[in-house]
Amino acid sequence: MQGDALAETLRIEGGRVLATLIRWTGDIDLAEDAVQDAILIALERWPRDGAPSNPAAWLTTAARRRALDRLRREANRTTKERAAVHLLDDDENWRQPAGVGHDQLRLLFTCCHPALAPDVQVALTLRTLCGLTTYEIARAFLVAEPTMGQRISRAKRKIAMARIPYRVPEDHELPDRLPAVLATLYVVFTIGHHAVSGQLDARVAPRGRRRPAGAVGGGAHARRA
Amino acid sequence: MPRYAALIYGSAADENNDVAPDAWAEIMAQYNAFGEEAGAAGVVGGGEALQPTSTATTIHVTGGKRGGDVVTTDGPFAEAKEVLGGFYLLDCADLDDALKWAAQIPGAWLGRVEVRPCIDFSQG
C-alpha cells in the first residue's frame, strides 16, 4: 500500500479507531494523541513491511498501546490511573468489531449533546468524526484558527468535566436528541459540498459527493460507442 | 459518584413580592415531592434554600490575604434580574442523569436551574 491509498486507508480507519479510543479512554485529547501516534507508526512501517490484513485492528491495537503508555506516564494522576486499569481490564471488548460503527454513532450523539452550543456541536463532529483539522474547521466557520481551537478545547473540557456521556440515547430520549444530530449532519454535509481547502469535500462526504465532470464524460463516451 | 450542584435561579421581582400563602404552600409541596423522590433514589447529597438577596452581604478582602482590609457591601455580588434562591447537591453518574433530576426541581419551571459539576479534590 503506497502514497494516496495508504493515506486514505489511515484516514478512514483512523476515524473509526478514534471513536473506539474515545469510548475507552473517556478523553478526546488522549484518544486523538494515541491514534495520531499509531498512524505515524503505520506510515513508517506499512510501506516497508506491507500493510496488515486488518488495518483497523492493527491501528486499534497500536493506538491502545500508545494510550496506555501515555496514561502510565501520567500515572501520578489517580483518575488517569483508574482509566488505564479500566482500559487494560476490558480486553474482551476490544476484540468486538461490531462495536466500531456503534462507537461512531455514540460519539456523534456526544458531539451533538444539547449541553454544547450548536456551532460547537458541528465543529466537534467535523473534528472527531470527519478528521478535519482545526485550520479547516476555522475556514469553514470563517473564524480565526486560534478562536476555533479554543472553542474546540473548551468543548472537550466540558465533555470531560461535566461528564457528558458517550452513549446513544434510549428510544424515549431520541425525539429530544435526534434533531441536533440531524442538524449537525446537514451542516457537515453542506460544508462538505463547499470545499474550503483541498480534498475537504471528499473527506467530509465521501459517499455523497457527486462527480458531474466524470458523469458527463462517461455519458458522452457511451453515446459515441 | 460525581457530584453536581443544581443552582436554582428565580426572578428578583418574585423574590421581593410576597407570595400568597396558598401559592407558597403549593411551591413547598412541589419541593417536598422532589426531595422525597430524589432522596429515595439516593441522589441528593445536600442542599439549602436561601433567604432573599436583600439579606445578602458581600465581602471582599483587599490588600493581601487574610488580615487585609475587609470591604463589606450590602446586597448580592451582582445585581441581576434572576437571583440564586437555593441549591441542591446531586450525586449522579453523568450529566444526562444530573439534567434528568434537575428537570424535576420545581425551580426548573418556576425559574431556571443551572447544573454545574463540582470539583472532586480527592482525585487528581
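Protein chains in written order, with the working numbering: chain A, 1 to 225; chain B, 1001 to 1124. By construction, the Cβ of each residue, glycine as well, lies at the ideal position given by its N, Cα and C atoms. Fair warning: this is a prediction, and the values are worked out from it, not measured in the lab.
- Closest option to Asn-54 of chain A, judged by alpha-carbon separation, among A:Glu-44, A:Val-17, A:Thr-25: A:Val-17.
- Cβ proximity to chain B below 7 angstroms picks out Ala-162, Arg-163, Ile-164, Pro-165 from the region 162-184 of chain A.
- For Phe-1034 of chain B, the enclosing alpha helix (DSSP H) stretches over residues 1021-1040.
- When secondary structure is reduced to three states using DSSP, Glu-1082 of chain B falls in the strand class.
- Beta-bridge analysis with DSSP links Tyr-1009 of chain B to B:Leu-1084, B:Arg-1112.
- Under the DSSP assignment, Thr-25 of chain A falls in the alpha helix (DSSP H) whose first and last residues are 3-25.
- Our two residues, Arg-45 of chain A and Thr-20 of chain A, have alpha carbons roughly 23 angstroms apart in a direct line.
- Among the bridge pairs identified by DSSP, Gly-1046 of chain B is matched with B:Leu-1089.
- Arg-64 of chain A sits away from Phe-109 of chain A, with the two beta carbons spaced by 9 angstroms or more.
- In this structure, Asp-176 of chain A sits away from Pro-118 of chain A, with a CB-CB distance that is not shorter than 9 angstroms.
- The Cβ atoms of Asp-1069 of chain B and Gly-1075 of chain B lie no closer than 9 angstroms to each other.
- Residue pairing of Ile-1059 of chain B in beta bridges, as defined by DSSP: B:Thr-1072.
- Using a CB distance below 9 angstroms, no part of the region 29-54 of chain A faces chain B.
- At a Cβ-Cβ threshold of 9 angstroms, Asp-33 of chain A and Ala-56 of chain A do not count as neighbours.
- Relative to the Cα of Ala-1013 of chain B, the nearest Cα in the group B:Leu-1084, B:Ala-1103, B:Phe-1121 belongs to B:Leu-1084.
- Assigned with DSSP and collapsed to three states, Pro-1117 of chain B falls in strand.
- Residues are counted here when their Cβ sits less than 9 angstroms from a Cβ of chain B; for the region 107-119 of chain A these are His-113, Pro-114, Ala-115, given in chain order.
- Taking the C-beta atoms as reference points, Leu-71 of chain A is found nearer than 9 angstroms to Leu-30 of chain A.
- When C-alpha distances from Trp-24 of chain A are compared across A:Glu-13, A:Leu-178, A:Thr-61, the shortest belongs to A:Thr-61.
- For Pro-1002 of chain B, the nearest beta carbon of chain A is closer than 9 angstroms to its own beta carbon.
- When rounded, the separation of the alpha-carbon atoms in Arg-1112 of chain B and Gln-36 of chain A is 42 angstroms.
- Distance from the Cα of Ala-140 of chain A is smallest, within the candidate group A:Arg-157, A:Ala-155, A:Val-120, for A:Val-120.
- Tyr-1088 of chain B sits buried, since 16 or more C-beta atoms from the chains shown fall within 10 Å of its C-beta.
- Rounded to whole angstroms, the Cβ separation of Lys-158 of chain A and Ile-164 of chain A is 7 angstroms, and the two are in contact under 8 angstroms.
- Look at Tyr-186 of chain A here: in three-state DSSP terms it is helix.
- Scanning its chain for C-beta atoms nearer than 6 angstroms, with the 5 sequence neighbours on each side dropped, one finds around Gly-1107 of chain B the residues Ile-1008, Val-1113, in chain order.
- Put simply, the CB of Val-1043 of chain B is far from chain A, with every gap to its CB atoms at 9 angstroms or more.
- When DSSP states are grouped into helix, strand and coil, Arg-177 of chain A belongs to the helix group.
- DSSP places Arg-1003 of chain B in the strand class (E or B) of the three-state scheme.
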